[in-house]
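Our numbering numbers the first residue of the first sequence as 1474 and each following residue consecutively.
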Amino acid sequence: MLDIKKIRQDPEYFKRGLKTKNSGDKIDELLELDEQRRSIISQSDELKGLRNRVSSEIARLKKAKEDASGKISEMKQVGEKIKAFDDRIKIVDEQIHAIMITLPNLPHKSVKIGFSEKDNETVKEWGEKPQYDYPLKDHLDLAERLDILDFHRGAKISGSGFPVYKKAGARLERALINFMLDLHTQEHNYQEIFPPFLTSRDSAFGTGQLPKLEEDMYLDNADDLFLIPTAEVPVTNLHRDEIIPESQLPIHYAAYSACFRREAGSYGKDTRGLSRVHQFNKVEMVRFVHPETSYQAHEELLQDAEDVLQALNLHYRVVSLCTGDLSFAAAKCYDIEIWAPGSQKYFEVSSVSNFEDFQARRANIRYRRNSDGKVDFVHTLNGSGVATPRLMIAFLETYQTDEGTITIPEILQPYTGFKQIKSQI
RNA sequence: AGAGAGUUGCCGGAGCGGUCGAACGGGACGGUUUCGAAAACCGUUGUACCCAUUACGGGUACCGGGGGUUCGAAUCCCCCACUCUCUGCCA
């Protein structure tokens, strides 16, 4: 949520910013409604003040056994006027709210102005594309030969996009999750959270999934609960409607969760294998920080995510999203794209975003300043650290041997319990 | 799922429909005292919004959420959510 007071102060700034995010301009309409709202509130408040004064006067008269019927009927009139004003306030409030919740966050000034994905900038590459002196297979081919993934049976039991991990594949998946969690909790000082996988409408609103992305989430209609598309939702909402003492900031959480995405409207895109699935595993990092430190925290968070890939020695690049490609709630975002040599493609495995106070406003997450005791919104950030399906793609394709087996890097061996995955065929 | 009890400020805990933004206790903060600390004593102790922005300014709202009754509601009525206890079911 944007700050209506700031919009009031400098509407042109917001108009420009929203334009770079390809968002329609409702600012004038909003300011008109805001004007109305404040005017009606003033009138209503004035009458309420009158009513309060006279009502205590009535109390005094009654106590003194004097006649108050004149004032009572007078206040009855006032009461009706107040009700009329308040009804109008309610309507205008709803109209304002309806607009406010659809306005995306403004991009940070360091973000390149651009229309789409094509304008994103690669800001960094780590490692090099590994070279092989034998022909490479893609992850589907490898997985089939090794019998570690089963897409057909997944489709049978749930539908397409629900892969089944089998045997060494299941173990490898679990190993990756545990490895990442340990890295973040032990090396990067995140507190571990195991969140609920279903959340309320309020929570989904708080992080910005609602109302825009309702169609992308699975909904349990009977209870009006959403299956989480990312642990960001429950973990960020941990502190919804709370005031955090400044001394407790920053707060760093790392959480594993299964993630559920309907991927409505993306049919035909990356449909093969693990590249786009409806259910997947992810370790997510979430930070609640002091507003002044959020951009530093953003860089640290990126590094924490990169560390996963560096530890596994997987080549990747970091892309800074342009204004037009930024998600609804983000002010700035880095995507980490991992190299999959068998597919000869980069796959996005992580999004590292700074939401500034956008989510904090929606979810009402504040902190109390030591200096003056006042409250202000925290800044929230999150980053995947990382999502497993595309990590798995790159992992299998990178560590394949000429025999079609997979070599497990040493750092992961304590987690897998084996050093290689051998062909079953 | 059924029955009952509850939901008040940072916490505990009062609150006949009329100075209740809310007693009392604790905590925290500031001050007095002290070489220092503890104790004691005095004081302070929310959030949002509106107006004014010369101010240490004025006003409104908020006692789980939403409606209603009333001149006036934390207090009465209705709906919903959550928590706890018991019963049932279940991993």
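The C-beta atom is built at its ideal place from N, Cα and C for all residues, glycine as well. Being a predicted model, the structure only gives us computed values, none of them experimental.
A Cβ-Cβ separation of about 11 Å leaves R1481 out of contact with L1506 under the 8 Å criterion.
As summarised for the stretch 1659-1684, the continuous beta strand (DSSP E) elements at least 3 residues long and confined to that stretch are 1664-1666, given in chain order.
Cα atoms of N1525 and V1551: separation of roughly 11 Å, rounded to the nearest angstrom.
When the beta-carbon positions are compared, L1747 and P1636 come within less than 8 Å of each other. Collapsing the DSSP output to three states places F1624 in a helix. Where R1841 is concerned, the enclosing beta strand (DSSP E) starts and stops at I1838 to R1841.
Across the structure, D1476 and G1797 are spaced so that their CA atoms are roughly 21 Å apart. Following the DSSP letters along the chain, one finds Y1768 inside the alpha helix (DSSP H) bounded by residues S1767 to A1784. Between the stretch 1764-1780 and the stretch 1804-1817 there are three or more inter-stretch CB-CB distances shorter than 8 Å, so the stretches are counted as touching. Under DSSP, I1717 shares a beta bridge with Y1840. E1594 has S1793 as its beta-bridge partners, per DSSP. Nearest C-alpha to H1712 among A1836, H1581, Y1663 and Q1721: A1836. I1574 is positioned such that its CB atom lies closer than 8 Å to that of P1684. Here the C-alpha atom of E1687 lies approximately 16 Å from the C-alpha atom of F1670. DSSP, read as helix, strand or coil, puts A1802 in coil.
Residue pairing by DSSP places L1700 opposite L1671 in a beta bridge. The C-alpha of N1843 is placed about 58 Å away from the C-alpha of T1878.
Spatial neighbours of R1841 in its own chain (CB-CB distance under 8 Å, excluding positions within 5 residues in sequence) are listed in chain order as I1716, I1717, P1718, E1719, K1847 and V1848.
Of S1517, H1570 and V1527, the smallest CA-CA separation from E1553 is found for S1517. Going by C-alpha positions, H1570 is about 15 Å away from D1560. DSSP, read as helix, strand or coil, puts T1889 in helix. A distance of 8 Å or more separates the beta carbons of V1792 and S1823. The beta-carbon distance between L1869 and H1612, rounded to whole angstroms, is 5 Å. This is short enough to meet the 8 Å contact definition. Contact check for Q1783 and L1609: beta-carbon distance about 22 Å, past the 8 Å limit, so the pair fails to qualify. Its Cα nearest to that of P1668, the residue T1703 stands out among G1681, T1703 and D1655.
Boundaries cannot be given for A1695, as no alpha helix (DSSP H) includes it and DSSP labels it neither H nor E. Scanning its chain for C-beta atoms nearer than 7 Å, with the 5 sequence neighbours on each side dropped, one finds around I1811 the residues L1782, L1787, Y1789, Y1819, F1820, V1822, R1863, L1864 and A1867, in chain order.
For E1821, the pairing in a beta bridge is given by DSSP as E1810.
Membership of N1651 in the alpha helix (DSSP H) is indicated by the continuous run K1640 to D1655. Between A1727 and V1756 the beta-carbon gap is near 6 Å, inside 8 Å, which marks them as a contact. In this structure, the CA atom of K1892 is about 14 Å from the CA atom of E1646.
Residue pairing by DSSP places A1727 opposite E1665 and M1758 in a beta bridge. Where N1525 is concerned, the enclosing alpha helix (DSSP H) starts and stops at I1500 to K1536. Taking 8 Å as the cut-off, the beta carbon of N1651 is found no closer than this to the beta carbon of S1676. The three-state reading of DSSP puts T1878 in coil, since its state is none of H, G, I, E or B.
Secondary structure note for H1852: its beta strand (DSSP E) is the uninterrupted segment H1852 to A1860.
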